[in-house]
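Going left to right, the sequence shown walks through residues 100 to 640 as the working numbering numbers them. Encoded as structure tokens, the structure appears first; notes follow it.
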Amino acid sequence: MADVKTNTDQTLNLDPALQANKTRAANIDHADAQLAQEFGYKPVFKREFGYLSTFSFAVSISGLFATVMTTMVYPLEAGGSSAVIWCWLISGAGCLCLACSVAELVSAYPTSGGLYFTISRLVPEEWVPSISWYVLTGWLNLLGQVCGVASSEYGAAQMLLAVVSMSRDFDYEITTGTTVGVMAALTISTGLINSLSTYWMEKITKFYVIFHVLVLVSCSIALLAMTENKNDASYVFTHVESTSGWQPIGFSFLFGFLSVSWTMTDYDATAHITEEISNPEIKAPWAISLAMLFTYLAGFLFNIVLCFCMGDPSGILSSPTEQPVAQLFYNSLGKAGGIFFTICALLIIKFVTFTAMQALGRTVFAFSRDRMLPFSNVWMKVTPLTGTPLNAVWISVFLCIAINLIALGSYTAISAVFTLCSIALDWSYCIPVLCKLFFGKFKPGPWHMGRFSTFINAWACVWTLFVSVIFVLPTARPVTASNMNYACVFLVFVLLFALVYWYISGKRFYHGPVTEAVVGDYLSESNSTTQAKADKTGSRV
């Protein structure tokens with residue numbers, strides 16, 4: 100028997116693939132046991148995501164190439180070329196601090212609920228329900244994610260129609276109604292992709308980052324090589340030109356921060372799939388921090404390239420495509436080049452919506468699991484065929500389409516969705532970070548910032564407060580009904596709904612994130628499964 104055991108061990112040692120599978124299985128068992136033992140949730144998802152797919156997922160949330168296209172109009176109108184460059188450098192540093200603060204919390208508390216769950220571990224017990232629910236971590240996060248997917252889908256619709264317009268030599272009128280209709284179709288396609296199992300979502304996500312980097316590099320090289328009349332360095336880095344009407348012009352310059360804040364946000368999307376990642380306490384924060392660092396540095400360089408090649412900004416801002424960067428591509432690279440890279444941007448922003456919808460669906464599932472939403476029993480169901488919460492996915496699709504229908508009444512109002520995404524998400528992150536600083540109950544996970552943690556956390560919150568004030572102001576003056584910033588109106592409406600629902604139902608039934616409710620059941624099942632595996636292995640030996 101000893102010889103048999105020795106031979107078996109040698110066979111295992113000589114088979115790297117088998118050893119890797121055993122290690123992966125052990126990691127999954129550990130992650131599932133931690134989910135049940137520490138956080139009180141019974142594992143329901145398969146842990147398919149590894150290092151590459153988790154990193155690619157985190158990068159895809161920013162969708163750098165496409166989201167810069169979608170939002171470059173804000174810094175261009177606010178302060179011209181210099182606003183595009185310096186707003187990215189300044190605001191990106193603040194966003195990076197917030198991303199690292201989020202990564203630190205995700206490492207300590209890797210659950211699908213994301214940062215709203217961390218409140219149960221960071222504040223005194225009697226404060227948990229109100230802070231998790233109404234002091235906005237939960238509802239702000241949900242609002243921000245819905246707005247993030249909705250605004251990305253709207254941007255995707257604009258890109259698709261820009262391709263149609265360029266293909267017809269701009270002999271095509273893009274109407275708001277057409278854009279909303281295309282948006283709805285694209286959002287439904289996102290729902291269909293998210294109806295697949297985690298296995299296929301992981302395969303779709305895995306190689307996205309490679310495609311994104313190739314597009315970024317090839318587009319930058321093509322623009323620099325083929326643009327005949329480039330702007331000079333003095334213009335790119337120092338030219339200030341505002342069409343917003345705000346005075347002094349330095350104040351107008353600040354509205355350019357929205358571009359990077361919308362691109363570098365939704366850091367905790369990776370947190371919402373941690374129950375589908377093996378070793379999430381290490382892989383998830385690692386992916387978040389590196390993905391945002393990549394977005395920050397690559398975005399800064401890409402914006403410089405765009406400013407060198409854009410010519411007179413008034414020419415691209417008045418584009419019939421309603422996509423200034425698509426017009427820039429057309430001007431520099433011709434019809435074929437413009438269409439090609441705009442299609443690439445469309446594919447990238449669709450990857451953004453695929454992954455963001457996956458995170459949103461898991462958030463709806465996690466909130467329903469903790470009885471935070473109306474009809475929670477419906478949204479928390481996991482479909483056996485796919486192993487995913489399909490009901491949560493499709494209510495998310497409905498909400499994203501519904502919020503974009505606002506555009507039929509006012510394009511200015513729908514632009515507030517971009518702003519609201521940044522404000523709501525960033526404050527849903529800052530609240531648990533502030534709780535971490537003030538209550539001193541935080542126990543770091545494997546990934547943490549050590550002695551720099553407190554300073555970085557504090558700066559992230561100060562920076563978010565600063566830009567939030569800017570983002571609720573109208574971006575143009577004089578202020579009229581047609582250019583008013585309606586972000587504050589949407590925000591107040593959702594928070595009032597959360598307050599009313601709290602007093603109707605939440606105050607009586609919601610006691611904070613569920614903890615230690617299923618540990619016994621899960622551990623007994625886990626032990627039975629482990630014993631069965633051991634018996635099966637023993638019989639084979």
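Glycine residues also receive a C-beta, built at the ideal position from the N, C-alpha and C atoms.
Can you tell me where the alpha helix (DSSP H) holding Trp361 begins and where it ends? Numbered from its first residue, the sequence shown carries residue 361 at position 262. Per DSSP, the unbroken alpha helix (DSSP H) holding Trp361 starts and ends at 356-362.
Is there a C-beta anywhere in chain B that falls below 8 Å from the one on Leu519? The structure shown contains no chain B; it holds only a single protein chain.
May I ask you to verify whether the region 324-339 touches the region 531-538, counting CB pairs closer than 8 Å and requiring at least 3? The region 324-339 vs the region 531-538: no contact.
If Tyr585 and Ala506 are in contact, beta carbons under 8 Å, what's the gap, nearest whole angstrom? Residue numbering aside, residue 585 sits at position 486 when the sequence shown is read from its first letter. Residue numbering aside, residue 506 sits at position 407 when the sequence shown is read from its first letter. Actually they do not touch by this definition, with Cβ atoms about 12 Å apart.
Can you tell me where the alpha helix (DSSP H) holding Ser180 begins and where it ends? Numbered from 1 along the sequence shown, position 81 holds the residue referred to as residue 180. Run containing Ser180: 180-207, per the alpha helix (DSSP H) assignment.
I need the boundaries of the alpha helix (DSSP H) containing His311, first residue and last residue. What you label residue 311 is simply residue 212 of the sequence shown in a count that begins at 1. Its alpha helix (DSSP H) spans residues 307-325.
Select from Phe306, Phe596, Glu176 the residue whose C-alpha is nearest the C-alpha of Leu446. Numbered from its first residue, the sequence shown carries residue 446 at position 347. Of the candidates Phe306, Phe596, Glu176, Phe306 places its Cα closest to the Cα of Leu446.
So, Ile372 versus Gln457, is the Cβ gap smaller than 8 Å? Counting from 1 along the sequence shown, the entry for residue 372 is found at position 273. Counting from 1 along the sequence shown, the entry for residue 457 is found at position 358. The answer is yes: Cβ separation under 8 Å.
Contact between the region 450-466 and the region 493-505: three or more CB pairs below 8 Å? Below 8 Å, enough C-beta pairs join the region 450-466 and the region 493-505 to call them touching: three or more.
I'd like to check one pair, Pro412 with Phe269: are the Cβ atoms closer than 8 Å? Locating residue 269 in the sequence shown gives position 170, counting from the first residue. Locating residue 412 in the sequence shown gives position 313, counting from the first residue. Pro412 is positioned such that its CB atom lies no closer than 8 Å to that of Phe269.
Pull up the distance between the alpha-carbon of Gly344 and that of Pro423, whole angstroms please. In the sequence shown, residue 344 corresponds to position 245, counting from 1. In the sequence shown, residue 423 corresponds to position 324, counting from 1. Their Cα atoms are separated by approximately 20 Å.
Quick check on DSSP: helix, strand or coil for Phe439? Taking the first residue of the sequence shown as position 1, residue 439 is located at position 340. In this structure, Phe439 counts as helix in the three-state DSSP scheme.
Proximity to Cys318 [Cα-Cα], best of Ser155, Thr482, Gly398, Phe596: Reading the sequence shown from its first residue, position 219 is the one you call residue 318. Nearest of Ser155, Thr482, Gly398, Phe596 to Cys318, Cα basis: Gly398.
Looking only at DSSP bridge pairs, what is Thr487 linked to? For the purposes of this step, residue 487 is identified with residue 388 of the sequence shown, where counting begins at 1. The partner list for Thr487 (beta bridge, DSSP) reads Thr482.
Helix, strand or coil for Ile273 per DSSP? Translated into positions along the sequence shown, residue 273 becomes position 174. Per DSSP, reduced to three states, the secondary structure at Ile273 is coil, with no helix or strand assignment.
Residue range of the alpha helix (DSSP H) that Thr166 falls in? Mapped onto the sequence shown, residue 166 falls at position 67. 163-170 is the extent of the alpha helix (DSSP H) around Thr166.
Measuring CA to CA, which of Cys499, Ala207, Ile160 is closest to Lys382? Against the sequence shown, residue 382 aligns to sequence position 283. Here the closest residue by C-alpha is Ala207.
Starting from the C-beta of Leu151, find all residues in its chain whose C-beta is less than 6 Å away, skip the five residues before and the five after it, and write them out in chain order. By one-based count along the sequence shown, residue 151 stands at place 52. If we look at Leu151 and ignore the five residues flanking it on each side, its Cβ neighbours are Lys305.
For Ile376, list the residues DSSP reports as bridge partners. Locating residue 376 in the sequence shown gives position 277, where the first residue counts as 1. Phe148.
By the three-class DSSP mapping on this structure, what secondary structure does Asn402 have? Residue mapping note: residue 402 aligns to position 303 of the sequence shown, counting from 1. Judged by DSSP in its simplified three-state form, Asn402 adopts helix.
Are the CB atoms of Ile530 and Val262 within a distance shorter than 8 Å? Counted from its first residue, the sequence shown places residue 262 at position 163. Counted from its first residue, the sequence shown places residue 530 at position 431. No. Outside cutoff.
In whole angstroms, what separates the C-alpha of Phe596 from that of Ala523? Taking the first residue of the sequence shown as 1, we reach residue 596 at position 497. Taking the first residue of the sequence shown as 1, we reach residue 523 at position 424. When the Cα atoms are used, Phe596 and Ala523 turn out to be separated by approximately 15 Å.
Apply the 10 Å Cβ neighbour rule to Gly619 and answer buried if 16 or more other Cβ atoms are within range, or exposed otherwise. Indexing the sequence shown from 1 puts residue 619 at position 520. Below a pLDDT of 50, predicted positions are generally treated as unreliable, and Gly619, at 43, falls in that range; no measurement from the model is reported.
Which same chain residues, not among the five before or five after Glu98, have their C-beta less than 6 Å away from its C-beta? Lying before the first or after the last residue shown, residue 98 is absent from the chain, which here runs from 100 to 640.
If you pair each beta-carbon of the region 361-371 with each one of the region 179-195, do three or more pairs fall below 8 Å? By the Cβ test, the region 361-371 is in contact with the region 179-195, since at least three Cβ pairs between them sit closer than 8 Å.
Measuring CA to CA, which of Lys302, Phe216, Trp526 is closest to Ser567? The residue labelled residue 567 in the question sits at position 468 within the sequence shown. The residue with the shortest Cα to Cα distance from Ser567 is Trp526.
Closest to Ile603 by C-alpha separation, out of Phe554, Pro473, Leu590, would be which residue? Taking the first residue of the sequence shown as 1, we reach residue 603 at position 504. By alpha-carbon distance to Ile603, the top candidate from Phe554, Pro473, Leu590 is Pro473.
Under a Cβ-count criterion, where at least 16 other Cβ atoms within 10 Å of its own Cβ denotes burial, should Tyr320 be classed as buried or exposed? Taking the first residue of the sequence shown as position 1, residue 320 is located at position 221. The sequence as given places Ile at residue 320; Tyr does not occur at that position. Around the Cβ of Ile320, a 10 Å sphere holds fewer than 16 other Cβ atoms; the residue is exposed.
Which residues bound the alpha helix (DSSP H) around Ala332? If you number the sequence shown from 1, residue 332 lands on position 233. Per DSSP, Ala332 belongs to the alpha helix (DSSP H) from 332-337.
Whole-angstrom C-beta distance between Lys434 and Met325, which should lie under 8 Å: As a working note, residue 325 is residue 226 in the sequence shown. As a working note, residue 434 is residue 335 in the sequence shown. About 13 Å separates the beta carbons of Met325 and Lys434, which is beyond the 8 Å limit, so they are not a contact pair.
Thinking C-beta only, is Asn556 closer than 8 Å to Ser200? The residue labelled residue 200 in the question sits at position 101 within the sequence shown. The residue labelled residue 556 in the question sits at position 457 within the sequence shown. Contact check for Ser200 against Asn556 passes: the beta carbons are separated by less than 8 Å.
Can you look up Gln346 in the DSSP assignment and give me helix, strand or coil? On the sequence shown, position 247 is the one that residue 346 refers to. Coil.
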